[in-house]
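In terms of this note's numbering, the sequence shown is numbered consecutively and its last residue is 395. Inspection log for the structure reproduced underneath, given as structure tokens.
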Amino acid sequence: MTATAEHSAEPWATPAARLLLPADAPREQWLAARRLGLGGSDASTVAGINPRNSRYALWLDKTARAREKEQTDAMEWGLRLEPAIAQWFTDVSGIPVRRAGLMQSIAHPFQQVSLDGMTADGGIAEWKTTSWRTEDAEIWLDGDVPDHAEIQTQHGMAVTGRSHAHVAVLIDGRTPLRKVVERDDELIAVLTDLERDFWHAYVLADVEPPVDGSEATTKALKQRYATASTEVVSAGRDVAELREQLIAAKDDVKAAKARVDEIGNVLRAKCGAATDLAVMGEILVTLHQNGTFSESRFAVDHPDLVDEFTTAAPTFDLPRLKAERPDLYQQYRARVLRTPKPKPAKGA
């Protein structure tokens, strides 16, 4: 990567940005201000490499059409662990870190960034948490930074004008790793163009971006259109074509699933009671007893132990709600996409 930004004589300077909000600004102000531009995590979404978001879902958020995201346990603990990661970084690197507020690019006001910190050597800081069970952990252990984190840091350097980024991750709360990402002005130029296009073509123009097949888009569509009406929409020929494509794709999935099951059963038969299949000494297939516990088989084989290991827990009485409050029951039912078979012609 090419590092072309010059170090400032002032270690905390952000020559390309203005401060919008201080780090200790009320949460309500932050939520309002972040809709005025694209932040670091938004940048990876616009670039199409954010595994947890999509351009369509981001558009709903920036145009105030989406619900405010609820803080998950993972998000809460990520925030709680940031000070500990920052302290660890300073302890092992000797580089002081200080908090940073919400900043806006002077040249491109649609670009914003809320950094996890700035470093006294002219860099920015991003702190991450992840699990051993994720693909990100494997990337970190190989000595690299996941693509979405790379884009996030380049966006941060674009906004602030700073020269490099220190990225640290804490894996499963016990394994810290760190990496330096150098400023790449060529990548920043491409990223800025993508963000400008998204901001002007979709957000400011209030035009929906194309939908994709991501989980984030599916969730966004379900939330946006959670309540059904009795309206029948007259659609064009493209809907009929999409319907046929959907039916064909589902048939392909069924065929692929059948083939997967067949191959899996052949390999199970070859394994038998063994735990591994090896070819020339290399283990290629494993069949270990480490899957889901079967409560039904346990109950058949050990009926005398079922009561001993059964606990009473409060459960939501859905049948009662359905009977006593059918209006609420109907309101919160999911909408299911189906493709009804064509009705036979009369007299056929």
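Note that CB positions come from ideal geometry on N, CA and C, so glycine has one too.
Is it the case that the Cβ atoms of Gly169 and Pro58 are separated by a distance below 8 Å? yes
Considering only the alpha carbon of each residue, which of Val300, Gln159 and Lys175 lies closest to His195? Lys175
Cβ pair count under 8 Å reaching 3, the stretch 76 to 91 against the stretch 234 to 252: yes
Around the C-beta of Phe136, are 16 or more other C-beta atoms found within 10 angstroms, so that it is buried, or is it exposed? buried
N- and C-terminal bounds of the alpha helix (DSSP H) containing Trp174: Counting along the chain, Trp174 falls outside any alpha helix (DSSP H), though it belongs to the beta strand (DSSP E) covering Gly170 to Thr177.
Best match in Arg112, Thr61, Arg74 and Gln76 for proximity to Val250 [C-alpha to C-alpha]: Arg112
What would DSSP say about Gly164, mapped onto helix, strand or coil? strand
Three or more C-beta pairs below 8 Å linking the stretch 91 to 98 and the stretch 180 to 198: yes
Buried or exposed by the 16-neighbour rule on C-beta atoms within 10 Å, applied to Met150: buried
Curious, which full-length beta strand (DSSP E) runs of at least 3 residues does the stretch 259 to 346 contain? 323 to 326 and 329 to 333
Burial state of Ala305, where buried means 16 or more other Cβ atoms lie within 10 Å: exposed
For the stretch 85 to 159, list the beta strand (DSSP E) runs that are entirely contained and at least 3 residues long, ordered along the chain. 149 to 152
Buried versus exposed call for Ala273 [16 or more other C-beta atoms within 10 Å across all chains shown]: exposed
How long is the line joining the alpha carbons of Pro373 and Leu334, rounded to whole angstroms? 47 Å
With 16 other CB atoms within 10 Å as the buried threshold, where does Lys310 fall? What sits at residue 310 in the sequence shown is Ile, not Lys. It is exposed - the Cβ of Ile310 has fewer than 16 other Cβ atoms within 10 Å.
Spatial neighbours of Ala147 within its chain, please: CB distance less than 7 Å, with the 5 preceding and 5 following residues excluded, ordered by chain position. Ala70, Leu162, Gly164 and Met165
Sort out for me which residues DSSP pairs Arg65 with in a bridge. Gln151
Could you tell me which of Arg127, Ala64, Leu368 and Ala104 sits nearest to Lys266, measuring between CA atoms? Ala104
For Arg225, the residue or residues it bridges with in DSSP: Ala215
Straight-line CA distance for Phe340 to Val347? 13 Å
So, Ile153 versus Ala212, is the Cβ gap smaller than 8 Å? no
Residue environment, Asn100, which counts as buried when at least 16 other CB atoms sit within 10 Å: buried
In the DSSP assignment, the alpha helix (DSSP H) including Trp77 goes from what residue to what residue? Arg74 to Ala80
Buried or exposed (CB count within 10 angstroms, at least 16 for buried), Lys301: exposed
Collapsed DSSP secondary structure at Arg380 in the structure displayed: coil
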